Amino acid sequence: MAQTEKKGGLLRKSSASKKPLKEKVVLMYDEIFTTEDPSKCNPRFWEELFLMKVNLEYLEGKLEALDGEELMKIKDNINCLFQHCIQALGEEHPIRVVNALQTLCALIRGVHQKNKSTSGFDIINMLVGFDKAELCMKNLMESLDSLLCAEGSESLKSLCLKLLLCLVTVTDNISQNTILEYVMINSIFEAILQILSSPLSRREHGYDAVVLLALLVNYRKYESVNPYIVKLSIVDDEATLNGMGLVIAQALSEYNRQYKDKEEEHQTGFFSALTNMVGSMFIADADEKISVQTNEAILLALYEAVHLNRNFITVLAQSHPEMGLMTAPMSPVPTTPVTPLGTTPPSSDVISSAELPLDADVQTSNLLITFLKYSSIVMQDTKDEHRLHSGKLCLIILTCIAEDQYANAFLHDDNMNFRVNLHRMPMRHRKKAADKNLPCRPLVCAVLDLMVEFIVTHMMKEFPMDLYVRCIQIVHKLLCYQKKCRVRLHYTWRELWSALINLLKFLMSNETVLLAKHNIFTLALMVVNLFNMFITYGDTFLPTPSSYDELYYEIIRMHQNFDNLYSMVLRLSTNAGQWKEPASKVTHALVNIRAIINHFNPKIESYAAVNHISQLSEDQVLEVVRSNYDTLTLKLQDGLDQYERYSEQHKEAAFFKELVRSISINVRKNLAFNTLSQELLLKEFSTIS
């Protein structure tokens, strides 16, 4: 007997003599795509349709093949199909429900493809009709809510979430998606929370639920009252917040693990052997090629949780039970994600186990540590647009954390010490840090390390000015907390001071190139004021008196950089150019640094002359500094410990609009046919009772 093959909705014999036969479901679709009511000839048409296995490809293709006029002719049948799909969602037989959900996905995507250039109103009219839209969408949302909250099939819940993601991302700009008005009115917020609070549901659907929530929160967030924003901001249920934190931590952990795998693979490969032979002159270029696709969708969810809900801050420092028990994965996890920014969650092996620690000595982890490791990877290379956006979002999240009183309390808590193995960019002039020798320190040290690492590694022609400004602001906010609460942090402050001085040196060396694109004086002023903060208030938060002495030593040792900066800003502030005012602000800010240099340098030269020493040691310079504090006069500078709080709407609206647009496009793109495959679903419901 000849083998039967299936392709594009056609059943055909392997013998070419026979005419291809169409599947029954395809024939039924063809009836819908006529101007006649398909149930006229067959009263059981709709009942039979939802017993047929859906042919997604054929249905979507058929919709896309029609022009606008042809589509309008069959609008009544499309409306009828949409309404019968909603009715079928209330059926007892799961196969009907599965097929109805699949058909709705195909309808929404197919009609969207035809209406790309039109408004959401046209899509609503084409799908359901204006006159019935409110009732139909209410029934749809209630059915989805019931399916998500029911004890039933996990596969059905998964399909419901896919349909909702399909609905939300039907337009690139989700704020122009008028269908979402019905999702606002008929909220599924509680259903999402229920998924996140239940360990089983969270493991199966947590990723999709979190991405869906992040997108819904961004619907017209600046234009009207979004109920999802209001509700997310007041969630205080511990299990729900921990569940959300766990989903985010696992997705970021998976990224970190994939990066580490690629890094190890890279280091043991041929190129590594080659660089060992010829030296390390190419190491920076080689490691730039290590790249794992970033996940802005999950990062957006973390941002919204941190920004909107103060209760979520506690989740950042909490070790999750699932993270404490390591289980070996049953099957290898792919090192490259199938869907870059999409809705495919990490594999269940990863979700059911913990974060794989990057350092074997790290016994515990939490969301903040995982996030800091993730940030240290994505912030290495800001030349790629996705990484630049990810890096910016990481810094915005850290800004929100640095402003929060409770977050600062646990960041600076001496009883909460961790080894945080941040990724460091390979550079020719420094050795790779030995991970095993990392000390256990309060978490704020890891945040400061991350900021120092960024400052040191991004002084380049394509200067990321915006990221540098955010970086310095985060350091400043942490110092303000330390000064206010008199926290004496045992940190290697010299590394920070050295990085800041080198940044000033870079700005001066590249003055002409940078001034063509940026106001470098804003950044220079921020850096100088960080030093002013240490000079004015350092005695209240630096760990020891000798730390304060070392600050003066660094300023004196690197005095040439401050002298050059003063010469540059003085030159520009005395000219009547566009930089007169910003340059003069830096001139005034340098007053105490110059006072220190002008006071101590003659004393050091005198000490050297009296003792016949050509070059003083550090200890000798420190001795001069300690014995001459009394005669030093400094000016009190106001406002050093004040800062403007983060505001999304006024300053970041354009960034988030573009970010959400990018996420929406990728989520829609990655809701591919295979993610909606019926094979597993139909196995689960192999019989109709």
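Residue numbers for the sequence shown follow the numbering used here, beginning at 922 and rising by one. The beta carbon of each residue, even a glycine, is placed where N, CA and C say it ideally should be. Model, not experiment: these values are computed from the prediction.
Taking the alpha-carbon of residue i as reference, which of the options has the nearest alpha-carbon?
i, options, result
"Gly1615", "Val947, Lys961, Met1372", "The question about residue 1615 has no answer, for the chain in this structure spans 922 to 1610."
"Phe1576", "Ile1016, Lys1294, Ile1317", "Ile1317"
"Tyr1389", "Ile1441, Tyr1412, Asn1431, Thr1413", "Ile1441"
"Ile1007", "Val1019, Asp997, Lys1142", "Val1019"
"His1439", "Phe1384, Ala1135, Gln1541, Ile1456", "Phe1384"
"Gln1097", "Val1377, Ile1476, Val1581", "Val1581"
"Glu1102", "Arg1391, Leu1137, Glu991", "Leu1137"
"Ala1172", "Ala1135, Leu1491, Tyr1295", "Tyr1295"
"Ala1437", "Ser1467, Met1386, Arg1340", "Met1386"
"Arg1345", "Phe1339, Val1542, Ser1297", "Ser1297"
"Arg1308", "Gln1214, Arg1178, Ser1538", "Gln1214"
"Leu1444", "Tyr1564, Ala1420, Leu1428, Tyr1473", "Leu1428"
"Pro1503", "Ser1527, Val1542, Thr1457, Met1447", "Met1447"
"Tyr1487", "Gly1560, Leu1511, Gln1004", "Leu1511"
"Arg1409", "Glu1471, Asp1334, Cys1321, Ile1477", "Asp1334"
"Leu1002", "Pro959, Val1299, Arg1566", "Pro959"
"Thr1285", "Asn1342, Asp1325, Cys1366, Thr1092", "Asn1342"
Considering just the uninterrupted stretch of the alpha helix (DSSP H) at residue i, what are its terminal residues?
i, result
"Lys1506", "1501 to 1510"
"Cys1006", "996 to 1009"
"Pro1466", "1466 to 1478"
"Cys1070", "1051 to 1070"
"Asn1423", "1414 to 1430"
"Ser1535", "Run containing Ser1535: none; DSSP gives neither H nor E here."
"Asn1587", "1574 to 1591"
"Lys1083", "1075 to 1089"
"Arg1178", "1159 to 1188"
"Gly1560", "Run containing Gly1560: none; DSSP gives neither H nor E here."
"Thr1235", "1234 to 1237"
"Arg1391", "1386 to 1406"
"Glu1324", "1306 to 1324"
Report buried or exposed for residue i, applying the criterion of at least 16 other Cβ atoms within 10 angstroms of its Cβ.
i, result
"Leu1162", "buried"
"Leu1056", "exposed"
"Lys1590", "exposed"
"Gly1200", "Because the pLDDT of Gly1200 is 42, which lies under 50, any placement of that residue in the model is unreliable, and the number read from its coordinates should be weighed accordingly. With fewer than 16 Cβ atoms within 10 Å of its Cβ, Gly1200 is classed as exposed."
"Glu978", "exposed"
"Arg1407", "exposed"
"Pro1360", "exposed"
"Val1049", "buried"
"Asp1370", "buried"
"Pro1015", "buried"
"Glu1185", "exposed"
"Met1381", "exposed"
"Pro964", "exposed"
"Asn1338", "exposed"
"Val1146", "exposed"
"Glu1175", "buried"
"Ile1106", "exposed"
"Asn1453", "buried"
Just the Cα atoms here: how many angstroms apart are residue i and residue j?
i, j, result
"Ser1535", "Phe1331", "48 Å"
"Ser1079", "Ala1112", "13 Å"
"Tyr1224", "Thr956", "49 Å"
"Val1449", "Phe1292", "29 Å"
"His901", "Val1368", "Here the chain has residues from 922 to 1610 only, and residue 901 is not among them."
"Pro1464", "Asn1336", "17 Å"
"Glu1013", "Lys1059", "20 Å"
"Thr1461", "Ala1574", "38 Å"
"Gln1034", "Ala1027", "11 Å"
"Ile1525", "Pro1466", "20 Å"
"Ala1275", "Thr1024", "Bear in mind that a pLDDT of 40 at Ala1275, under 50, signals an unreliable position, so the model cannot answer this."
"Asn1423", "Gln1481", "12 Å"
"Gly1263", "Leu1082", "Note that Gly1263 has pLDDT 39, beneath the 50 cutoff, so the model's placement of it is unreliable and the number below is only indicative. Looking at the two C-alpha atoms, the distance is approximately 13 Å."
"Asp1206", "Ser1585", "Low local confidence applies: a pLDDT of 42 at Asp1206 is under 50, so the model's placement there is unreliable, and no value is given."
"Asp1280", "Ile1169", "Residue placement at Asp1280 cannot be trusted, given a pLDDT of 43 that sits under 50; what the coordinates show is reported in the next sentence. Roughly 20 Å between the two C-alpha positions."
"Val1132", "Arg1017", "27 Å"
"Gly1459", "Phe1483", "19 Å"
Contact criterion: CB-CB distance below 8 Å. Does residue i meet it with respect to chain D?
i, result
"Asn1338", "Protein chain content of the structure displayed is limited to a single chain, and chain D is not contained in it."
For the ligand NAD, I want to know if residue i counts as a neighbour, meaning its beta carbon is within less than 7 Å of at least one of the ligand's heavy atoms.
i, result
"Val1507", "What this structure holds is no ligand at all, so the ligand NAD is not there to describe."
Task: Cβ contact (3+ pairs, closer than 8 Å) linking the stretch 1065 to 1084 and the stretch 1566 to 1573 - done: no
Task: Stretch-stretch touch, CB-based, cutoff 8 Å, three pairs: the stretch 1389 to 1401 with the stretch 1543 to 1558 - done: no
Task: Inter-stretch contact (C-beta, 8 Å, three-pair minimum) for the stretch 1223 to 1230 and the stretch 1141 to 1155 - done: yes
TODO: Decide yes or no for the touch test of the stretch 1491 to 1503 against the stretch 1519 to 1527: beta carbon pairs closer than 8 Å, at least 3 of them.
DONE: no
- [ ] Would you be able to state if there are at least three C-beta pairs under 8 Å between the stretch 982 to 994 and the stretch 959 to 969?
- [x] no
Task: Meets three-Cβ-pair contact criterion under 8 Å: the stretch 1423 to 1434 and the stretch 1527 to 1534 - done: no
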